[in-house]
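One structure is given here, and the rest of the page talks about it.
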Amino acid sequence: MTYSLNWDLDSLFTGGIHSAQLKTKLIQIKTDTAALGDLLDRWDVTSDAPNFQQFIKLITQLQAVEAGLAQANLFVSSIGSADIANPAVAPTEDRLRNLETQIQTVSDKLKKVLVQVPDTQFAAMLTQPALQPIAFNLTEMRDAGKELLDDKTENLINQLNLDGKAAWSSHYDSLVATVSVPFHDTDGKPVTLSAGQADNNLLGNADPQYRADLLPAWEQAWADKEQLFADTLNHLAGFRLTEYQAHGVSDFLRAPLKDNRLSAATLKTIWQVVDDNKQFLLDYLDRKAALLGKKHAGWQDVEAPLTLPGGQLHRFTYDEAAAFIIKHYGEFSPKMAALAQKAFENHWIEAEDRAGKAPGGWMESAPETNESRIFMTFTGSPNDVSTLAHELGHAFHSSVMGDLPYLRQGYAMNVAETASTFGELIVADANVKAATSDAEKITLLNAKMDNPVAMFLNIRARFLFETRFYQLRQQKLVTPAELNELMLNAQKEAFGHDLSTYSPHLWASKLHFYIDDLSFYNFPYVFGYLFSLGIYAKAQQTDDFEDQYIALLRDTANMSSEALAQKHLGVDLTQPDFWLAGVDLIKKDVAEFMRLTDPLVNTTPHA
């Protein structure tokens with residue numbers, strides 16, 4: 017079957033960025049938000065008892081405006097990603113941010129109102145059939161309201177944020193657009209690489225010497241503007257810390273942990289497991305370095321492909337990739353396969369390899385139509401097939417929650433990465449099994465190792481850096497030299513001082529440190545990866561896995577991460593046993609990689 021490489025956005029709104037439907041929708045959201053505020057001002061819990069019909073109306077309308085804004089945001093971000101030069105996107109995004117601020121103001125006020133509701137009446141509200149499905153979410157809102165300041169102050173903070181965290185985050189994007197890396201192409205001719213092009217070549221170019229030459233040029237490009245990036249990071253973090261302080265919060269990890277519905281005890285256990293079990297990955301990197309003719313891998317080699325004689329990888333057409341994913345999804349879950357096929361047939365995916373697109377890949381949900389849109393650039397590599405499977409895993413997660421109230425669809429980032437990584441694991445394993453030679457299998461196993469190496473080593477370094485940066489930022493502005501030192505030390509610690517080169521300017525080049533509405537955009541990936549490994553192991557041993565898996569996904573916005581694991585997997589996330597089961601799966605891949613490469617290098621077998 018032939019599938020389109022381009023998505024269809026007309027089922028969301030017709031007419032592109034100047035869509036009349038979109039304009040009408042935004043006007044309606046603004047009107048409905050104002051009406052929602054008026055309804056909240058008039059609401060009285062005592063007179064609304066015992067059936068609480070006015071509150072049910074209020075919370076239903078709040079979910080409707082939030083879902084409408086999410087639908088509009090997806091549409092506009094899709095246009096911007098597919099056409100980064102479109103001048104009409106930025107003004108529309110600004111309008112959306114203003115609407116988001118207005119909705120946030122009403123939502124914050126509602127949280128405070130819920131705090132004033134007596135416990136007995138609040139408990140009675142949650143027994144109403146219309147509210148029972150979102151009882152957990154309403155309780156979360158009420159708990160959050162206990163930390164909020166008066167309405168006027170909270171509204172002021174929300175308004176200031178437009179020129180605070182949000183503005184500094186946008187400023188980062190503007191700065192990155194000015195970064196260029198003078199270098200040369202593979203023929204030695206001078207070229208100027210954009211930040212995205214240089215990043216792709218630094219991590220993905222097959223020539224070790226090319227990567228080694230590019231790393232210092234890459235570092236210098238960020239060093240040339242390091243003061244500007246340091247200012248941006250300092251002020252974004254400073255605004256965040258001031259906001260925390262205003263709400264009586266001194267622990268900068270409190271908010272990201274709450275956002276992920278995760279306990280500090282679980283996070284501590286995860287990092288302990290990671291730190292205790294990284295040596296076999298360092299051994300893998302040393303073996304990879306030996307295959308590259310080096311004693312130790314450099315930063316530029318960590319995610320690099322391996323090219324061995326006879327190890328040329330199969331190049332997929334887009335249609336072949338679709339068929340491969342649908343087939344292997346179906347071996348675990350017919351419903352996953354059906355969703356993937358629906359995404360391909362209904363043009364939910366923008367995959368064309370062309371100029372003018374944003375880098376990277378993502379999936380976002382369209383809650384009003386229970387659809388998704390996936391953005392990526394497909395070039396035919398097995399890695400692209402895995403990326404596509406990853407994003408379709410996200411889409412499956414959203415699809416099985418589509419009939420739930422909108423508040424029940426708000427799963428956190430850590431569990432969001434579970435279904436996506438699970439989908440990616442299915443396809444990565446299938447790719448390895450389909451290898452026709454040892455050389456091809458080595459190449460594919462090396463590609464599969466990108467995830468555990470990133471989770472256990474690279475992201476561990478990012479977490480160490482961000483923790484120490486925030487500790488220092490609580491005291492003063494942090495200089496570029498100090499930021500470089502913090503990052504270098506974090507990388508050396510995470511990688512066991514085992515690399516020959518590092519990237520001290522990663523704090524400047526990594527977008528994740530500059531996201532305005534999320535901090536510590538690192539540990540949720542590690543949770544999601546290891547959590548999905550545990551689920552993957554269970555799937556291989558369970559006959560009725562599909563129903564259990566869907567039940568777990570449907571509960572991801574309805575309880576804490578610990579309660580989710582206890583209910584659906586029967587495990588205690590604060591203990592290492594569950595996480596170690598995932599580590600064992602990675603060790604099997606590394607052992608196979610070592611066994612296959614032993615004849616190729618003069619080393620003692622590690623397996």
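Quick note: the sequence shown, position 97, residue 113 per my numbering, numbers continuous. Idealized CB from N, CA, C, for every residue including glycine. In this text the structure is predicted, and so the values were computed from the model without any measurement.
Environment of residue i [buried if 16+ CB atoms lie within 10 Å]
i                : result
tryptophan 364   : buried
proline 615      : exposed
histidine 513    : exposed
asparagine 293   : buried
asparagine 177   : buried
glutamine 328    : exposed
threonine 620    : For threonine 620, the predicted model reports a pLDDT of 41, less than 50, meaning its position is unreliable; a value from the coordinates is still stated below. Burial call: exposed.
threonine 202    : exposed
leucine 172      : exposed
glycine 31       : exposed
isoleucine 566   : buried
threonine 459    : buried
proline 145      : exposed
isoleucine 442   : buried
serine 519       : buried
glutamate 170    : buried
asparagine 462   : buried
arginine 370     : exposed
threonine 108    : buried
arginine 277     : buried
histidine 406    : buried
methionine 610   : buried
phenylalanine 29 : buried
alanine 36       : exposed
tryptophan 23    : buried
Limits of the beta strand (DSSP E) - the one that residue i falls within
i                 : result
phenylalanine 412 : Premise fails: phenylalanine 412 lies in the alpha helix (DSSP H), 398-415, not in any beta strand (DSSP E).
serine 63         : Segment 61-64 is the alpha helix (DSSP H) holding serine 63; no beta strand (DSSP E) there.
alanine 382       : 378-382
Contact belief for residue i with residue j at Cβ below 8 Å, rounded distance in angstroms
i                 : j                 : result
phenylalanine 391 : serine 94         : 7 Å
alanine 88        : leucine 55        : Wrong, their Cβ atoms sit about 22 Å apart, outside the cutoff.
aspartate 1       : methionine 17     : A question about residue 1 goes unanswered here, because the residues of the chain that appear run from 17 up to 623.
alanine 374       : leucine 408       : Not quite, the Cβ-Cβ distance comes to about 19 Å (not below 8 Å), so this is no contact.
alanine 524       : tryptophan 238    : 4 Å
aspartate 174     : threonine 121     : Looking at the sequence provided, one finds asparagine at residue 174 rather than aspartate. Confirmed, Cβ separation roughly 5 Å.
glycine 396       : phenylalanine 332 : 5 Å
phenylalanine 547 : threonine 434     : 5 Å
leucine 21        : glutamate 368     : 4 Å
leucine 612       : aspartate 454     : 5 Å
arginine 227      : aspartate 302     : Not a contact, Cβ separation roughly 17 Å.
isoleucine 33     : glutamate 82      : About 22 Å separates the two Cβ atoms, so there is no contact after all.
valine 129        : lysine 162        : Between lysine 162 and valine 129 the Cβ distance is about 12 Å, and since that is not below 8 Å, they are no contact.
asparagine 447    : proline 398       : 5 Å
The alpha helix (DSSP H) enclosing residue i, as first and last residue numbers
i              : result
alanine 139    : 135-142
arginine 624   : This structure cannot speak to residue 624, because the chain is shown only from 17 to 623.
alanine 428    : Careful: alanine 428 lies outside any alpha helix (DSSP H) and carries neither H nor E.
asparagine 250 : 242-262
asparagine 505 : 496-510
valine 606     : 593-613
histidine 34   : Element bounds for histidine 34: n/a, residue is neither H nor E.
tyrosine 300   : 295-307
valine 617     : Taken as a continuous stretch (DSSP letters only), valine 617 belongs to no alpha helix (DSSP H), as it is neither H nor E.
alanine 281    : 280-292
alanine 367    : Here alanine 367 belongs to no alpha helix (DSSP H), and DSSP marks it neither H nor E.
serine 525     : 522-525
proline 272    : 270-275
**OP:** Indicate whether the contact test is met: 3 or more Cβ pairs, each with one atom in the stretch 436-443 and one in the stretch 335-355, closer than 8 Å.
**Re:** Look at the beta carbons and you see the stretch 436-443 touching the stretch 335-355: at least three pairs across the two are nearer than 8 Å.
Original post:
Counting only runs that start and end within the stretch 168-229, where is the beta strand (DSSP E) found for 3 or more residues in a row?
Top reply: As far as the stretch 168-229 is concerned, its whole beta strand (DSSP E) runs of at least 3 residues are 196-200, 206-210.
Subject >> 4-residue-minimum alpha helix (DSSP H) runs that sit fully inside the stretch 87-164, ordered along the chain >> reply: For the stretch 87-164, whole alpha helix (DSSP H) runs of length 4 or above, ordered along the chain, are 105-132, 135-142, 151-161.
Original post:
Could you give the uninterrupted runs of the alpha helix (DSSP H) lying entirely in the stretch 455-491, keeping only those of 4 residues or more?
Top reply: Counting only runs of 4 or more, we get 466-469, 475-489.
Original post:
Quick check: the stretch 155-164 against the stretch 185-201, are there 3 or more CB pairs under 8 Å?
Top reply: Contact between the stretch 155-164 and the stretch 185-201 is absent: fewer than three C-beta pairs spanning the two stretches fall below 8 Å.
Original post:
Any contact of the stretch 504-513 with the stretch 247-259, i.e. 3+ C-beta pairs under 8 Å?
Top reply: No, the stretch 504-513 does not touch the stretch 247-259.
**OP:** Ignoring anything shorter than 4 residues or poking outside the stretch 313-363, list the alpha helix (DSSP H) runs there in chain order.
**Re:** Here the runs fully enclosed are 334-348, 350-361.
**OP:** Counting only runs of 4+ residues fully inside the stretch 552-593, write out the alpha helix (DSSP H) ranges in chain order.
**Re:** Qualifying alpha helix (DSSP H) stretches, in chain order: 561-570, 577-585.
Subject >> the stretch 571-587 contacting the stretch 515-524, beta-carbon criterion three pairs below 8 Å >> reply: Judged by Cβ distances under 8 Å, the stretch 571-587 makes no contact with the stretch 515-524, as fewer than three pairs qualify.
Subject >> Contact the stretch 242-253 vs the stretch 208-217: 3+ CB pairs below 8 Å >> reply: Three or more Cβ pairs closer than 8 Å define a contact, and the stretch 242-253 falls short of that threshold against the stretch 208-217.
**OP:** Mind the definition here: the stretch 416-432 touches the stretch 480-493 only if three or more C-beta pairs lie below 8 Å; say whether that holds.
**Re:** No, the stretch 416-432 does not touch the stretch 480-493.
Original post:
Between the stretch 548-556 and the stretch 469-487, do at least 3 Cβ pairs fall closer than 8 Å?
Top reply: No, they do not touch.
Subject >> Touching by the beta-carbon criterion (3+ pairs, under 8 Å), the stretch 212-221 and the stretch 277-291 >> reply: Verdict: no, contact absent.
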